[in-house]
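One structure is given here, and the rest of the page talks about it.
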Amino acid sequence: MSKIKSISGKRKTVNFFSYILLIVLSAIWIMPLFYVVLTSFRAEPGAATPYFWPKGFTLKNYYNLFHPTSSMPYDFFLWFKNTFIVAVFSCILATFYNLATAYVMSRLRFKMRKPYMNIALILGMFPGFMSMIAVYYILKSLGITQSLVALVLVYSSGAGLNFYIAKGFFDTIPKALDEAAWIDGATKFQVFRKLTVPLSKPIIVYSTLTAFLAPWMDFIFVSVIMGDNHKKYTVALGLFKMIDAKQVNQYFTMFTAGSVLVSIPIALLFISMQRFYVSGVTGGSVKG
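Structure (structure tokens):
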């Protein structure tokens with residue numbers, strides 16, 4: 051009995067310190083987010099203040115984002131609309147490319163299958179911005195730089211290389227279902243569209259969310275492709291331009307307000323789709 055009590059006491063002690071550590075780490079993680087939200091309502095301008103809690107609160111920072119003037123020419127609503135358009139079309143194309151490539155690699159067998167998988171794995175080890183200059187000159191030769199079409203092509207064209215997680219998920223679906231459909235006269239595309247896709251909601255949600263996030267978060271490609279065409283900026287580039295070295299003190303509180311607004315749709319998507327997102331990652335992380 052005393053041994054059981056000793057084990058129980060040790061377990062309670064370990065749990066206590068574990069909870070303390072988790073609380074401290076949570077506070078460290080939440081504090082920057084709380085500071086950004088707090089600063090977005092701050093009435094005093096400036097990027098840095100000697101105090102943490104604002105002396106006054108206002109909604110003017112949010113109001114000014116959607117009401118550009120000659121003295122404040124930044125149009126956040128236009129940036130938000132551009133980003134949303136690019137995100138939606140990139141999401142549709144990238145999800146289709148990703149799922150189609152993953153289905154082919156999971157279900158079909160052909161001569162260059164394994165070499166292609168190895169090449170895709172090697173190319174995935176390199177960051178995407180290494181191809182930035184080459185991509186820019188390709189788009190320039192096509193005459194579509196500084197356009198939303200160029201951004202959609204950039205964000206969706208590489209989706210065919212990111213098929214490994216989706217392929218792992220498709221590998222968990224019994225091939226007997228495909229064979230039964232083939233016997234009944236279904237084509238491979240009909241099997242993919244009417245059988246595999248309805249059974250793959252978690253990985254579809256995962257692919258959709260990851261494709262949707264790219265335009266909201268990317269800064270490097272959009273800054274190179276768009277140049278000085280501020281009417282085609284996305285929120286990432288627009289907010290960065292808002293706080294360049296000469297204007298950081300003037301527009302910093304508006305910048306934080308824009309950051310809060312940008313995070314809202316992404317947070318809502320993750321909250322509503324979290325269970326599908328997690329099951330898509332875990333279901334696709336199998337050996338195939």
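Each residue of the sequence shown is one higher than the one before, counting from 51 in our numbering.
Just so you know, even glycine gets a beta-carbon here, dropped at the ideal spot from N, CA and C.
Report task. Whole angstroms is fine: what's the gap from M276's alpha carbon to V285's? Result -> Distance from the CA atom of M276 to the CA atom of V285, rounded to whole angstroms, is 12 angstroms.
**Report entry** F66 in three-state terms, based on DSSP
**Finding:** Looking at F66 - three-state DSSP - the assignment turns out to be helix.
Query - Selected residue, minimal CA-CA separation from R243, among L88, L143, Y153 - result: Looking only at L88, L143, Y153, the smallest Cα-Cα distance to R243 is reached by Y153.
Query raised in the report: So what does R92 bridge to, in DSSP terms?
Result: Under DSSP, R92 shares a beta bridge with F107.
Requested in this report: Can you give me the start and stop residues for the alpha helix (DSSP H) that D228 sits inside?
Outcome: Here the alpha helix (DSSP H) through D228 covers 225-233.
Query - Q196: first and last residue of the uninterrupted alpha helix (DSSP H) it sits in - result: Per DSSP, Q196 is not a residue of any alpha helix (DSSP H), being assigned neither H nor E.
Query raised in the report: First and last residue of the alpha helix (DSSP H) that includes D221?
Result: Looking at the DSSP string, the run of the alpha helix (DSSP H) that includes D221 is 214-221.
Report task. Compute the distance between the beta-carbons of V274 and S90, then report whether it is under 8 angstroms. Result -> No, these two residues do not count as a Cβ contact at 8 angstroms.
**Report entry** Spatial distance of I73 from T63 (CA atoms)
**Finding:** I73 and T63 have their alpha carbons spaced roughly 15 angstroms apart.
Query raised in the report: Should F219 be labelled buried (16 or more other beta-carbon atoms within 10 Å of its own) or exposed?
Result: Within a 10 Å sphere around the beta-carbon of F219 sit 16 or more other beta-carbons, which makes this residue buried.
Query - Spatial neighbours of N299 in its chain, beta-carbon cut-off 7 angstroms, leaving aside the 5 residues before and after - result: Exclusion of the five residues before and after N299 leaves P95, G96, A97 as the residues of its chain whose Cβ lies within less than 7 angstroms of its Cβ.
Requested in this report: For Y113, name the three-state secondary structure that DSSP assigns.
Outcome: Of the three classes helix, strand and coil, the one that applies to Y113 here is helix, per DSSP.
Query raised in the report: Just to confirm, are M304 and N114 a CB contact at a threshold of 8 angstroms?
Result: Their beta carbons are under 8 angstroms apart, which means M304 touches N114 by this criterion.
Query raised in the report: Taking 8 angstroms as the CB-CB limit, is V64 close to chain D?
Result: The structure shown contains no chain D; it is built from a single protein chain.
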